[in-house]
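Participant: With our numbering applied, the sequence shown covers 2 to 194.
Note that the Cβ used here is the ideal one computed from N, Cα and C, for glycine as well.
Because the structure is a prediction, the values reported are computed rather than measured.
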Amino acid sequence: MKKRLGPSPTIFPMPAVLVGTYNDDGTANAMTAAWAAACCHSPPCLGVAVRSTRLTFANIQRQKAFTINVPKTTLAVEVDYLGIVSGARRPDKLEHIDMGTTSGALVDAPLIDVCPVNVECRLFKSLELGTHTWFVGEVMEIHANGELVREDGKIDVPSLDPLAYSTSVGEYWSMGESIGGAYDIGKELKQRK
Ligand SMILES: Cc1cc2nc3c(=O)[nH]c(=O)nc-3n(C[C@H](O)[C@H](O)[C@H](O)COP(=O)(O)O)c2cc1C
2 MKKRLGPSPT
12 IFPMPAVLVG
22 TYNDDGTANA
32 MTAAWAAACC
42 HSPPCLGVAV
52 RSTRLTFANI
62 QRQKAFTINV
72 PKTTLAVEVD
82 YLGIVSGARR
92 PDKLEHIDMG
102 TTSGALVDAP
112 LIDVCPVNVE
122 CRLFKSLELG
132 THTWFVGEVM
142 EIHANGELVR
152 EDGKIDVPSL
162 DPLAYSTSVG
172 EYWSMGESIG
182 GAYDIGKELK
192 QRK
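Encoded structure:
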């Protein structure tokens, strides 16, 4: 029998990514975000829900840009730290953990060097929802560590080893095995007589 759990913004898995922005003095900041998703194919867009109290919120509004940086599971402790500490209280948030950054090639936001994938986004639209605003970024460029990129130009998921997150239990998880090809394994049922 199903149990009713009441309303909450819960879905599993969520990603655990780092949102990179520049502070008003030009220093780099990063905050952990789980409420992030792909939201449009053309133009290619990613969205992230940011609470108005985050330093990242003011940074995105001012710079009209942000990056989405994908950490490996080995960075879980750093990811958690970046989700506990605000750059508003600790301006040396990134230097404290020796996290280096590189300027975005196309937008005014930093790439987090230690993350194997970095996505440059130009602020495209904002939707105020309540506690959080959904910032939609148009993807301008994706940078990926060469060893993760397969011969067909796609990112190899086992090599990336991305972090997943569960809002309901508040825990980090790793990915399991591939189950099969999308838009492919379902054909068997489509063709069933
Ligand atoms: C696992 C995890 C996920 C989080 N996801 C979000 C999120 O999606 N949106 C958000 O506004 N804050 C989220 N936070 C909280 C921010 O990362 C945290 O408040 C951070 O200190 C803000 O940094 P800033 O003030 O330097 O921008 C998350 C924290 C953790 C630990």
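With the cut-off set at 8 Å, would you say I113 and N70 are in Cβ contact?
Facilitator: Yes, these two residues count as a Cβ contact at 8 Å.
Participant: Check A110 in the structure and name its three-state DSSP category.
Facilitator: Reduced to three states, the DSSP call for A110 is coil.
Participant: Go ahead and pull the three-state DSSP assignment for V18.
Facilitator: Strand, per DSSP.
Participant: Could you tell me the boundaries of the alpha helix (DSSP H) in which Y82 lies?
Facilitator: Taken as a continuous stretch (DSSP letters only), the alpha helix (DSSP H) holding Y82 covers A77 to L83.
Participant: Just list the residues that DSSP pairs M32 with in beta bridges.
Facilitator: According to DSSP, M32 bridges with V20.
Participant: Residues in the same chain with beta-carbon distance under 8 Å from M15, minus the five sequence neighbours each way, listed in chain order, please.
Facilitator: A35, W36, A37, A165, Y166, S167 and T168, listed in sequence order.
Participant: With a floor of 3 residues, list each beta strand (DSSP E) that falls wholly inside the stretch 114–191, ordered by position along the chain.
Facilitator: List check, beta strand (DSSP E) in window: 118–129, 133–145, 164–167 and 172–175.
Participant: Which residue or residues does DSSP assign as beta-bridge partners of A59?
Facilitator: None, per the DSSP bridge assignment.
Participant: Taking the straight line between their C-alpha atoms, what separation do you get for A66 and E148?
Facilitator: The straight-line gap from Cα to Cα measures roughly 27 Å.
Participant: Could you check the C-alpha separation between T11 and M100 for me, to the nearest Å?
Facilitator: Taking the straight line from one Cα to the other gives about 30 Å.
Participant: Which of the three DSSP states is assigned to I98 in this structure?
Facilitator: Three-state DSSP puts I98 in a helix.
Participant: Please say whether P111 and A1 have beta carbons closer to each other than 8 Å?
Facilitator: Since the first residue of the chain shown is 2 and the last is 194, residue 1 is not available in this structure.
Participant: When you compare the CB positions of G84 and N24, do they come within less than 8 Å of one another, or not?
Facilitator: Cβ distance not < 8 Å, so G84 and N24 don't count as in contact.
Participant: For V86 and L56, I'd like the C-alpha separation in whole angstroms.
Facilitator: Approximately 10 Å, taken between the alpha carbons.
Participant: Considering only the alpha carbon of each residue, which of C122, L95, V158 and E178 lies closest to C40?
Facilitator: Nearest option by C-alpha distance: C122.
Participant: Under three-state DSSP, which class holds T68?
Facilitator: Of the three classes helix, strand and coil, the one that applies to T68 here is strand, per DSSP.
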